[in-house]
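Residue numbers (our numbering): 792 to 1358.
The structure appears right after this line, and notes come after that.
Listed below in structure tokens is the structure:
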């Protein structure tokens, strides 16, 4: 039967947008149907537009929002971006994970158009319909960068059939200007015709490590647990036995077959990969007693990672998932010990764990979490709040209490409502003296403002006022809560006023010469949840702000992110 004559110039795309059900100010769904005046609907596509990138950067909740959307958006965001929607540095730094290196930090900015799927009716396939529709979408709606995950919809096809379908879908997107981001499963498109990705030959665009591994090992089959145990007994045991007895297991395997400690499993992983990924400290110590020079550099597996790279990926994923699900309490001691061993660490294992427990990248975080820049932010905020509160001393009259609403100072709303109702001057002085105590601690090298340390420092300043504050039900935790929360609100995660005041060059610094910008940067510079954990503000505690100032300014029940459906 002859193919129906089709002139694409007669086709018309119909675009339909719908605000995201939960974040209508940040995202919207895009549906497109391509119709022909006589043949009817030929193809359709669905996309997600992410327009307000700046809100994600301010709130630091990109991973959280994507996790709430779909599994695919969770995978997309976790693979490519951090919680501020900045591109993962190893995907664009020219290293082993950056693939063709055609992408850079430009992926950290601009709007995102994510193409979920495209479908062309069978009778119109391989006639340019899909490319015609995709180009219409890109021309009309891609003002930043477009992304896609070229993978088949789940089916019962054989492994070979599924792989071929995936290859066909990937080829389609590549033909339309998409190129892989690093070695991830995701492709991206730039509307800039002079962007390096638009000049990268299709043949130079790399495959993912898993695709490359499957292509090199076409006969490898998926094994059951029993089959894995039978064919790779050492690998199987390394993943499960983390007791000291694993040492004897490794030695026995070596005595029987010296090559067993260097043997690959069905996915290309060596025993040292498995021991590391399982955070099996006893096993890793023993394996490193053998010649592992080449094994530690090996990445010929379906993850494309060395043992250390695989561990670092695992540690990052655990951290980010725990951030999404609750509060991350630091890397496990076992993971850090494995990292220490793989890096031939010096200075002692206990010290390494302490310094790296919370992912410090500057090497100067006190207890592994309080970075120099975070210390500066907290110090500046404690001094500002103490000075501002002191300025209201004259509002009090002898033996006549005021309420928080009379004083109208934001940090007072971190006191529980009963304490806000009657604030005597001595109570008030005790409250701000705790801010002074915190300032004193933060100005002391290596000191951390734990509740007991703050009380001790504040008692040295004004013991009678602090004693009165505590006796009347005040807690140092209320002050720490107000401090950390206010510092976050004024950081780059909030309104940015701290940066406007302190993150300036020398010419702008004037008489202060405070030098915030000169302090070494760290991944923990904005980790306010770690600070809360470090100063003793527990997850299950009831923390402020409580009450009327926020109710008046925001409205009871209003979504402070501005994304309520009632907007």
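All residues carry an ideal CB built from backbone N, CA and C; glycine is no exception.
From the DSSP output, in three-state form, read off residue i for me.
| i | result |
| --- | --- |
| residue 879 | coil |
| residue 843 | coil |
| residue 1302 | With a pLDDT of only 48 at residue 1302, under 50, the local geometry of the prediction cannot be trusted, and no value is derived from it. |
| residue 1076 | helix |
| residue 1213 | coil |
| residue 754 | What is shown of the chain runs 792 to 1358, which leaves residue 754 out entirely. |
| residue 1242 | helix |
| residue 980 | strand |
| residue 1285 | coil |
| residue 1066 | helix |
| residue 1025 | helix |
| residue 991 | coil |
| residue 830 | coil |
| residue 1133 | helix |
| residue 1354 | For residue 1354, the predicted structure reports a pLDDT of 47, less than 50, and the residue's modelled location is therefore unreliable. The matter cannot be settled from this model. |
| residue 971 | strand |
| residue 813 | coil |
| residue 1106 | helix |
| residue 792 | Interpretation of residue 792 is limited by its pLDDT of 45, a score under 50 that renders its predicted location unreliable; the figure taken from the coordinates is listed afterwards. Of the three classes helix, strand and coil, the one that applies to residue 792 here is coil, per DSSP. |
| residue 1176 | helix |
| residue 861 | coil |
| residue 1200 | coil |
| residue 1142 | helix |
| residue 953 | helix |
| residue 797 | coil |
| residue 916 | coil |
| residue 944 | coil |
| residue 1317 | coil |
| residue 849 | helix |
Taking C-alpha atoms, which residue in the options lies nearest to residue i?
| i | options | result |
| --- | --- | --- |
| residue 975 | 967, 942, 1265 and 956 | 942 |
| residue 977 | 1070, 870, 1143 and 1034 | 870 |
| residue 932 | 1094, 818 and 991 | 818 |
| residue 858 | 896, 814 and 900 | 814 |
| residue 938 | 956, 878 and 947 | 878 |
| residue 840 | 806, 831 and 852 | 806 |
| residue 1163 | 796, 1048 and 1314 | 1314 |
| residue 1120 | 892, 1232, 1329 and 898 | 1329 |
| residue 1106 | 973, 935, 1128 and 987 | 1128 |
| residue 1203 | 1243, 1258, 1144 and 1268 | 1268 |
| residue 856 | 892, 1225, 1112 and 1228 | 1112 |
| residue 1024 | 992, 1317, 1009 and 1040 | 1040 |
| residue 1258 | 948, 1219 and 944 | 1219 |
| residue 1280 | 1295, 1168 and 1174 | 1168 |
| residue 1161 | 1175, 1145 and 1176 | 1145 |
| residue 1036 | 1061, 1072 and 999 | 1072 |
| residue 907 | 876, 862, 914 and 892 | 862 |
| residue 902 | 1094, 1176, 936 and 996 | 936 |
| residue 1093 | 1075, 1114, 1055 and 1124 | 1055 |
| residue 802 | 881, 915, 838 and 849 | 915 |
| residue 989 | 1001, 876 and 971 | 971 |
| residue 1186 | 1136, 967 and 1215 | 1215 |
So residue i and residue j are in contact, right, with Cβ under 8 Å, and what is the actual spacing, rounded?
| i | j | result |
| --- | --- | --- |
| residue 1147 | residue 1159 | 6 Å |
| residue 1172 | residue 1278 | 4 Å |
| residue 836 | residue 920 | In fact, because the Cβ distance is near 11 Å, the residues do not count as touching under 8 Å. |
| residue 1256 | residue 1205 | At roughly 18 Å, the Cβ-Cβ gap does not stay under 8 Å, so residue 1256 and residue 1205 are not in contact. |
| residue 872 | residue 853 | 6 Å |
| residue 1223 | residue 1180 | 4 Å |
| residue 1271 | residue 1326 | 5 Å |
| residue 1282 | residue 1289 | 5 Å |
| residue 1079 | residue 1132 | 6 Å |
| residue 1170 | residue 1090 | That pair is no contact at about 44 Å. |
| residue 1130 | residue 1102 | 6 Å |
Run through the DSSP bridge pairs and tell me what residue i is partnered with.
| i | result |
| --- | --- |
| residue 908 | 837 |
| residue 807 | 822 |
| residue 872 | 878 |
| residue 903 | 841 and 936 |
| residue 1193 | 1214 |
| residue 1014 | Partner(s): none; residue 1014 has no beta bridge. |
| residue 1161 | 1157 |
| residue 1188 | 1191 |
Is any heavy atom of the ligand COA found at a distance shorter than 6 Å from the C-beta of residue i?
| i | result |
| --- | --- |
| residue 1075 | Ligands in the displayed structure: none, and consequently the ligand COA is not present. |
Determine contact between the stretch 1023-1043 and the stretch 1060-1068, defined as no fewer than three beta-carbon pairs at a distance below 8 Å.
yes
Could you tell me whether the stretch 945-952 touches the stretch 922-931, where touching means 3 or more Cβ pairs closer than 8 Å?
no
Contact between the stretch 1232-1242 and the stretch 1207-1214: three or more CB pairs below 8 Å?
no
Inter-stretch contact (C-beta, 8 Å, three-pair minimum) for the stretch 1182-1195 and the stretch 1140-1156
no
Evaluate the contact criterion for the stretch 1042-1052 versus the stretch 999-1019: three or more CB pairs, one atom per stretch, below 8 Å.
no
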